[in-house]
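Since the structure comes first, as structure tokens, the remarks are kept for the end.
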Amino acid sequence: MLFFPAKLLTSPLRLLQARSLIQVFFVSVGLKLFKALAWAAWAMIFSLAVQAQTQVLGDPSGRKTIGNVVKTPQVQASLFVNAPQGIRAGETIWLGLQLAHQAHWHTYWRNPGDSGLPTDLQWKLPAGIVAGDLIWPAPQKIPIGTLANYGYESTVMLVTPFKISPQFKTTQANSEVQFQLHANWLVCKQECIPQEGDFSLSVPLHSTPSMANEAFQKALSQQAQVLKGAHQAVILSDGRSVQLKVAGLPPELSNGPWTIFPQTANVVLNSASPQIQKSNDTTVNQVDIIFRISSERMESPRRMSWLLVQGTAESPTGLQWTFETPIQGQWQEFTEDLKATGNDPNNTAIAPASVLNAAPFATWVLALLGAFLGGVLLNFMPCVFPVLAIKLLSITQQADRPQEMRLSAWAFSGGVLISFLLLGGVMLGLRAAGSQLGWGFQLQSPWVVGALAFMFAVMGLNLSGLFEFGSFVPSSVSSFQWANPATNALWSGVFAVLIASPCTAPFMGASLGLAIGFPTWQALPIFGFMGIGMALPFILVSFSATWVRFLPRPGAWMVTFRHIMALPMYATAIWLVWVLGLQTGAWDSTQVASPSAVSAIRSGDAGSSQPVVWEAWSAEKVTGARQAGRPVFVDFTAAWCVTCQFNKKTTFADAALLNDFAQKNVLLLRADWTRYDPAITKALNELGRNGLPVYAWYAPGEPVVILSELPSVKEVQNALSQVKTSP
4 MLFFPAKLLT SPLRLLQARS LIQVFFVSVG LKLFKALAWA AWAMIFSLAV
54 QAQTQVLGDP SGRKTIGNVV KTPQVQASLF VNAPQGIRAG ETIWLGLQLA
104 HQAHWHTYWR NPGDSGLPTD LQWKLPAGIV AGDLIWPAPQ KIPIGTLANY
154 GYESTVMLVT PFKISPQFKT TQANSEVQFQ LHANWLVCKQ ECIPQEGDFS
204 LSVPLHSTPS MANEAFQKAL SQQAQVLKGA HQAVILSDGR SVQLKVAGLP
254 PELSNGPWTI FPQTANVVLN SASPQIQKSN DTTVNQVDII FRISSERMES
304 PRRMSWLLVQ GTAESPTGLQ WTFETPIQGQ WQEFTEDLKA TGNDPNNTAI
354 APASVLNAAP FATWVLALLG AFLGGVLLNF MPCVFPVLAI KLLSITQQAD
404 RPQEMRLSAW AFSGGVLISF LLLGGVMLGL RAAGSQLGWG FQLQSPWVVG
454 ALAFMFAVMG LNLSGLFEFG SFVPSSVSSF QWANPATNAL WSGVFAVLIA
504 SPCTAPFMGA SLGLAIGFPT WQALPIFGFM GIGMALPFIL VSFSATWVRF
554 LPRPGAWMVT FRHIMALPMY ATAIWLVWVL GLQTGAWDST QVASPSAVSA
604 IRSGDAGSSQ PVVWEAWSAE KVTGARQAGR PVFVDFTAAW CVTCQFNKKT
654 TFADAALLND FAQKNVLLLR ADWTRYDPAI TKALNELGRN GLPVYAWYAP
704 GEPVVILSEL PSVKEVQNAL SQVKTSP
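Structure (structure tokens):
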């Protein structure tokens, strides 16, 4: 049952609620039919996805433990020992975890780069045996679209030294030493899979075992040597670069290629190649290296660690030297200069779309199918329904002229398809230029929002009968519009796509996220299929108009219908003015999208009031909470996202759900994308999404889970069931 409290219309926020409630009429009437259709389509995609996932992942457990070997479909991990002097006090032995990757898969270095996680080794050792630092082999640079990571392909040996101290005791009853290891690694190709393994290795005490001796000798001979010297690092005056002064190169690097990697993570722009400037003075063995600082830098260290590597970044020989430098100068905040980035010949941060790897055919087909179904379901979203109703009125008026009706249907469909392809082309073009954008990106511009608010207001006045377009625009324009119904229908299709951009229907999120990671020839058809899906009802009309006779005949009811349809136009205009005010700072945004909003809920038998706080999102908050073992729920939202606002007033206003959040001590974060935010854009891209809404659930010790675009209370509670109630 819907009702409208009188105080609902006393603020811009409540005007938005009024608009949402008006549009809830359209949603609630067909909600059950909508969900039935969505679940049926999801079941079909899920069955196909399960088959594809089974082919990729194989054993759902992700691992098989056989003593010192753990095997997954992507990696074979083996634990080896090298003790040439035996196991006795005063000696050093080495244990190595060898990772043999399948083709095109990789794991990560200590600094994984823009994404990924370093391999983590946790040892359980006998008393008197002490583990040293992990010996990291020289990594290779792995470009991933516009990003860059550091890691290992093929086969790599991660060696750890162990010192046998005098406290190590043996007895006649113990003839061997037991080493146990729990390892975690992230293996990636186009998708990433967190994996782990438990290893056990028994080593006889009175022996000199040398397993995988050649691999150990290579790893130990190529471990990083300390490069001595008065090395310096200075932040340049513009704050965008750091100049590294290396006091002297090793003799091995005097001839042939070499490169340098940052061992300190989250500071430099990993995808940009360092600029190496050798001194013209042959008597001075100093090299200057310019690193570009990332505008999304997460750390401001006072010291940094570096790694010189023989060979190229993509193909190192293995020889490496490490050194540290103090940081001189002040870290500064700045935004990326895209024009400068694109024109810098030494910059490789912006990778052209042609370097993106083509997706497997099955994945591409699933993305196309998801885009098509998302386009169909977009017709049922509250931001599109009013325009469809107006178009239905137009079709009814042409029922006695089937040929004109079909022509209008084809023109409307053409306008929808062209608009989706143009939007897709713009997004892909900006991607190639280095920008990271998402679905609905045009609504981050106050100019676009203001123009749309004006258009909706004009349409509302027109539907209310207060004026006709002939008196509002030049007569030549007005007569052209009404004399060319096909042109009018085509522009109606364009306008429908424009106002549909704040909405993300089910299936659209995953398909759009995949599209941005595909090469252009695979990405653009995804936008086309989305347009075909949205235009499907009108395409069907163009083939058969028999169903039109079931519609009411033209009459006086049409005037009333026009007046009713004016209401959502006015509500939309008011809502867009509210969004415009938020974007321009005309009024406070702390009650909207990314505030520290507080909801009071009742919990416990005593009925005590317990607050639930939504905090502003940051990557640091997510990382900190996960490291502390606290569950995190992130709502990626925007004031211009109608679906986001609808979910906020329904699912995320449910008292029982808020109580569950409080009982399980969930950190609630809202990431506000109303205005462009590069950090949020990056986070969305890392989640494989580029449109709103997105709901990310981080259970402790588990990979992130993405909920549906229209989550029910039950769906969210099922996700929360992974976490026990906090005492």
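If you count the sequence shown from 1, position 371 lands on 374 in the numbering used here, and the numbers rise without skipping. For every residue, glycine included, the Cβ atom is placed at its ideal position computed from N, Cα and C.
Rounded straight-line distance, which links the Cα of residue j to that of residue i
i	j	result
V429	T338	22 Å
A236	G417	57 Å
N85	S213	4 Å
K342	W139	Summary for K342: the model assigns pLDDT 42, below 50, so the residue's position carries little reliability; its value from the coordinates is reported in the next sentence. In a straight line, the C-alpha of K342 is about 37 Å away from that of W139.
P254	L311	12 Å
L36	L376	Note on L36: pLDDT 37, under 50, position unreliable in the model; the coordinate value appears next. Approximately 15 Å between the Cα atoms of the pair.
L695	T325	44 Å
E712	G632	26 Å
V580	G453	7 Å
N662	T654	13 Å
G704	H566	55 Å
G135	P714	48 Å
N273	R243	13 Å
S178	T211	13 Å
K248	G232	10 Å
A628	G119	18 Å
T575	L469	18 Å
K651	C191	34 Å
Q313	F294	18 Å
I132	P164	10 Å
A732	P634	Here the chain covers residues 4 to 730 and nothing more, so residue 732 does not appear.
For residue i, three-class secondary structure by DSSP
i	result
W188	strand
M462	helix
T351	Any reading at T351 must be qualified, since the residue scores a pLDDT of 35, below 50, and its modelled position is unreliable; the value itself is stated next. Of the three classes helix, strand and coil, the one that applies to T351 here is coil, per DSSP.
G116	strand
S495	helix
N688	helix
T134	Before going on, a small fix: residue 134 reads as Ala here, not Thr. Three-state DSSP puts A134 in a strand.
K172	coil
G377	helix
W753	Any property of residue 753 remains undetermined from this structure, which presents the chain solely from 4 to 730.
D663	helix
Q648	helix
A699	strand
P121	strand
I567	helix
T158	strand
F546	helix
Nearest neighbour of residue i, chosen from the options [CA to CA]
i	options	result
L124	M160, P571, Q333 and A233	M160
R306	T328, P319 and N288	T328
L189	Q183, Q198 and F182	Q198
Q79	Y153, T149, G200 and P87	G200
T75	I196, V180 and T163	I196
N382	L469, A456 and G496	G496
G584	H109, E194, T95 and R678	R678
P87	E217, H107 and A622	E217
T490	S411, V500 and V72	S411
N114	W309, V133 and I542	W309
L184	V625, N71 and T654	N71
A499	P522, V582, A414 and W578	A414
P488	G332, R404 and G427	R404
A186	T122, A222 and K172	T122
F83	A227, M301 and Q181	Q181
A641	T684, F664, W261 and G627	T684
P522	N721, Q193, L710 and S303	Q193
A656	E336, V719 and G314	V719
I421	A370, G468 and G531	G531
L431	L98, T149 and Y111	T149
A569	G463, P540 and F639	G463
L466	Y111, F541 and M572	M572
Beta carbon proximity, residue i to chain B, threshold 8 Å
i	result
T262	Chain labels in this structure do not include chain B; a single protein chain is all it has.
Runs of beta strand (DSSP E) lying entirely within the region 297-327, each at least 3 residues, in chain order: 306-314
Taking three-plus beta-carbon pairs below 8 Å as touching, is the region 528-537 in contact with the region 448-468? no
For the region 237-251 against the region 317-324, do three or more pairs of beta-carbon atoms, one drawn from each stretch, fall closer than 8 Å, so that the two count as touching? no
List in chain order: all unbroken alpha helix (DSSP H) runs of 4+ residues lying wholly within the region 174-248. 216-224
Taking contact to mean at least 3 C-beta pairs separated by less than 8 Å, is the region 669-678 in contact with the region 613-624? yes
At which residue ranges does the region 246-283 contain complete beta strand (DSSP E) runs of 3 or more residues, listed in the order of the chain? 261-265 and 278-281
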